[in-house]
Amino acid sequence: MTEIQATGSTTGPIVEVRGIGKRFGNIIALSDVTTEVRAGEVTCVLGDNGAGKSTLIKILAGAHAHTDGELLIDGQVTTFGSPREALTAGIATVYQDLAVVPLMPVWRNFFLGSEPTKGRGPFKRMDIGFMKKTSKEELAAMGIDLRDVDQPIGTLSGGERQCVAIARAVYFGARVLILDEPTASLGVKQSGVVLKYIVKARDCGLGVVFITHNPHHAFPVGDRFMLLRRGKSIGNFPKSEMTMEELTSLMAGSAELETLSQELERSLGPDSELAKKIEAEVEA
Ligand SMILES: Nc1ncnc2c1ncn2[C@@H]1O[C@H](COP(=O)(O)OP(=O)(O)O)[C@@H](O)[C@H]1O
Ligand SMILES: [Mg+2]
Numbered sequence: 056m057t058e059i060q061a062t063g064s065t066t067g068p069i070v071e072v073r074g075i076g077k078r079f080g081n082i083i084a085l086s087d088v089t090t091e092v093r094a095g096e097v098t099c100v101l102g103d104n105g106a107g108k109s110t111l112i113k114i115l116a117g118a119h120a121h122t123d124g125e126l127l128i129d130g131q132v133t134t135f136g137s138p139r140e141a142l143t144a145g146i147a148t149v150y151q152d153l154a155v156v157p158l159m160p161v162w163r164n165f166f167l168g169s170e171p172t173k174g175r176g177p178f179k180r181m182d183i184g185f186m187k188k189t190s191k192e193e194l195a196a197m198g199i200d201l202r203d204v205d206q207p208i209g210t211l212s213g214g215e216r217q218c219v220a221i222a223r224a225v226y227f228g229a230r231v232l233i234l235d236e237p238t239a240s241l242g243v244k245q246s247g248v249v250l251k252y253i254v255k256a257r258d259c260g261l262g263v264v265f266i267t268h269n270p271h272h273a274f275p276v277g278d279r280f281m282l283l284r285r286g287k288s289i290g291n292f293p294k295s296e297m298t299m300e301e302l303t304s305l306m307a308g309s310a311e312l313e314t315l316s317q318e319l320e321r322s323l324g325p326d327s328e329l330a331k332k333i334e335a336e337v338e339a
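Counting from 1, position 269 in the sequence shown corresponds to residue 324 in this note's numbering; the numbering is continuous, with no gaps.
Next up, the structure:
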């Protein structure tokens, strides 16, 4: 396994956002969000659909430039111009819709876009032997036991595919690993497997950002929790200040109010007094 670089002389966060926001025209997808990601810690970002979770991680991943606030990497104010810049800074992202080529073998997907070569000039070609051997070893080192790295990645379960993506980020020396709802479409058992690799990545010294809407997935692995509602942060809690019950009720409370306000808006229209009152409570 490749060496994971320590954060240097400082013990500060690798990534920090201060009052960060993103507007798309006049749609405010995210506003005034503050949190941090430290080496060897799991930062969980929780929130319902449309809360702004993906928007936040796309800013960290260099896919969107933020329109408000500050992004700091190793304490330096930064704006990523592209996903490549974020990768260069050591931030690897596994998106909700995994970017894999289903018919290609596991080893090919493991090295996709960073294929090692051997030979020179006209004899230069992909080093298939190295790729097969290394991907097998790296997956085994993470405790992922695949029958055959030659099988098309499309034949793996959703959980196994997430694990390949995590092992890949660790191998390529990521310092920060962002996972956008990796357990969203998985059953209980497979979710457990993915949670196990999240912990493995953390123990390798990576700063992990774990996005989920499930407090039962977040609580056991999270070191800090950031809750989003309608693009705004409703709190940042270290694990020591939070119980499973509190996290669950915060999430449930937010979901209920949200549904209620949407139903009222539909039946009463957004301008009615009652809808406005509920809206104010949701915003509070
Ligand atoms: N490219 C975009 N253009 C306009 N609005 C967007 C865009 N991306 C996201 N949004 C809006 O921002 C809000 C948050 O979306 P998103 O970050 O995807 O939420 P989540 O991942 O928490 O479900 C949503 O209301 C969504 O419609
Ligand atoms: Mg999302």
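C-beta: ideal position from N, C-alpha, C; glycine also. Note that the structure is a prediction, hence the values are computed from the model and not measured.
Original post:
Which first and last residues belong to the alpha helix (DSSP H) in which Glu170 is found?
Top reply: For this step, residue 170 is matched to residue 115 along the sequence shown. Glu170 -> no alpha helix (DSSP H), and no H or E assigned at all.
Subject >> Ordered list of beta strand (DSSP E) runs contained in the stretch 94–177, each at least 3 residues >> reply: Those beta strand (DSSP E) runs which fall completely within the stretch 94–177 and span 3+ residues are 97–101, 123–128, 131–133, 146–149.
Original post:
Looking only at C-alpha atoms, which of Thr89, Val70, Gly102, Thr90 sits nearest to Ser304?
Top reply: As a first step, residue 304 is located in the sequence shown; it is residue number 249 there, counting from the start. It is Gly102.
Original post:
Should Thr98 and Asp326 be called a contact, given that it needs their Cβ atoms to be closer than 8 Å?
Top reply: Within the sequence shown, the letter at position 43 stands for residue 98. Within the sequence shown, the letter at position 271 stands for residue 326. For the pair Thr98 and Asp326, the CB atoms are not nearer than the 8 Å cut-off.
Original post:
Taking all protein chains shown into account, do 16 or more other C-beta atoms lie within 10 angstroms of the C-beta of Gln317, making it buried, or fewer, making it exposed?
Top reply: On the sequence shown, position 262 is the one that residue 317 refers to. Exposed: under 16 other Cβ atoms inside 10 Å.
**OP:** Please go through the same chain and pick out, in chain order, the residues whose beta-carbon is closer than 6 Å to the beta-carbon of Ala224, but skip the five residues on each side of it.
**Re:** Numbered from 1 along the sequence shown, position 169 holds the residue referred to as residue 224. Cβ within range, chain order: Ala147, Leu232.
Original post:
Should Val92 be labelled buried (16 or more other beta-carbon atoms within 10 Å of its own) or exposed?
Top reply: Numbered from its first residue, the sequence shown carries residue 92 at position 37. Buried is the call here.
**OP:** Would you kindly check if the distance between the Cβ of Val70 and the Cβ of Gly262 is under 8 Å?
**Re:** To locate residue 262, count along the sequence shown from 1; it is residue 207. To locate residue 70, count along the sequence shown from 1; it is residue 15. It is a contact, given that the beta carbons lie within the stated cut-off.
Subject >> Residue burial classification, Asn104 (beta-carbon count within 10 angstroms, cutoff 16) >> reply: If you number the sequence shown from 1, residue 104 lands on position 49. Of the residues assessed, Asn104 falls on the exposed side of the cut-off, its CB having fewer than 16 other CB atoms within 10 angstroms.
Subject >> Contact between the stretch 237–255 and the stretch 178–192 (3+ Cβ pairs under 8 Å) >> reply: With the cut-off at 8 Å, the stretch 237–255 and the stretch 178–192 do not touch.
Original post:
Looking only at C-alpha atoms, which of Thr210, Arg230, Gly198 sits nearest to Gly145?
Top reply: Stepping through the sequence shown from its first residue, residue 145 is reached at position 90. The shortest Cα separation from Gly145 among Thr210, Arg230, Gly198 belongs to Arg230.
Original post:
Which value, in whole angstroms, describes the spacing of the CA atoms of Val149 and Val264?
Top reply: Taking the first residue of the sequence shown as 1, we reach residue 149 at position 94. Taking the first residue of the sequence shown as 1, we reach residue 264 at position 209. If I take the Cα positions, the gap works out to 10 Å.
**OP:** Report the three-state DSSP secondary structure of Glu334 (helix, strand or coil).
**Re:** As a first step, residue 334 is located in the sequence shown; it is residue number 279 there, counting from the start. Shown here, Glu334 sits in a helix according to DSSP, grouped into three states.
Original post:
Can you pull the DSSP bridge partners for Asp235?
Top reply: Position 180 of the sequence shown, counting from 1, holds the residue named residue 235. Paired residues: Ile266.
Original post:
Smallest Cα separation from Asn291: which of Thr89, Leu85, Gly80, Gln245?
Top reply: Translated into positions along the sequence shown, residue 291 becomes position 236. Measuring from the Cα of Asn291, the nearest candidate turns out to be Thr89.
Subject >> Beta-carbon proximity check, Ala141 vs Gly260, cutoff 8 Å >> reply: Translated into positions along the sequence shown, residue 141 becomes position 86. Translated into positions along the sequence shown, residue 260 becomes position 205. Cβ atoms of Ala141 and Gly260: not closer than 8 Å.
Subject >> DSSP three-state assignment for Ser64, whether helix, strand or coil >> reply: Taking the first residue of the sequence shown as position 1, residue 64 is located at position 9. Only weak support exists for where Ser64 lies, its pLDDT of 42 falling under 50; the value from the coordinates is given anyway. In the structure shown, Ser64 sits in coil (DSSP, three-state: anything other than H, G, I, E or B).
**OP:** Using a threshold of 8 Å, state whether the C-beta atoms of Thr267 and Thr238 are closer than that.
**Re:** Position 212 of the sequence shown holds residue 267. Position 183 of the sequence shown holds residue 238. A Cβ-Cβ contact shorter than 8 Å links Thr267 with Thr238.
**OP:** Rank Val156, Gly67, Leu302, Gly198 by C-alpha distance to the C-alpha of Pro270 and give the top, closest one.
**Re:** The count along the sequence shown starts at 1 and reaches residue 270 at position 215. Taking only the C-alpha atoms, the option nearest Pro270 is Leu302.
Original post:
Beta carbon of Phe265: closer than 7 Å to some heavy atom of ligand 1?
Top reply: Here residue 265 refers to the residue found at position 210 when the sequence shown is read from its first residue. Answer for Phe265: no, Cβ out of range of ligand 1.
**OP:** Output the distance between the C-alpha atoms of Glu300 and Ser240, rounded to the nearest integer angstrom.
**Re:** Locating residue 300 in the sequence shown gives position 245, where the first residue counts as 1. Locating residue 240 in the sequence shown gives position 185, where the first residue counts as 1. So the two alpha carbons sit approximately 24 Å from each other.
**OP:** Would you check whether ligand 1 has a heavy atom nearer than 7 Å to the C-beta of Ala346?
**Re:** Since the displayed the chain opens at 56 and closes at 339, residue 346 lies outside it and no answer follows.
Subject >> As assigned by DSSP and simplified to three states, the class of Val204 >> reply: What you label residue 204 is simply residue 149 of the sequence shown in a count that begins at 1. Shown here, Val204 sits in coil according to DSSP, grouped into three states, outside any helix or strand.
Subject >> Residue range of the alpha helix (DSSP H) that includes Arg73 >> reply: Counting from one through the sequence shown, the residue named residue 73 turns up at place 18. For Arg73, no alpha helix (DSSP H) segment is defined; the enclosing uninterrupted segment is the beta strand (DSSP E) at 70–79.
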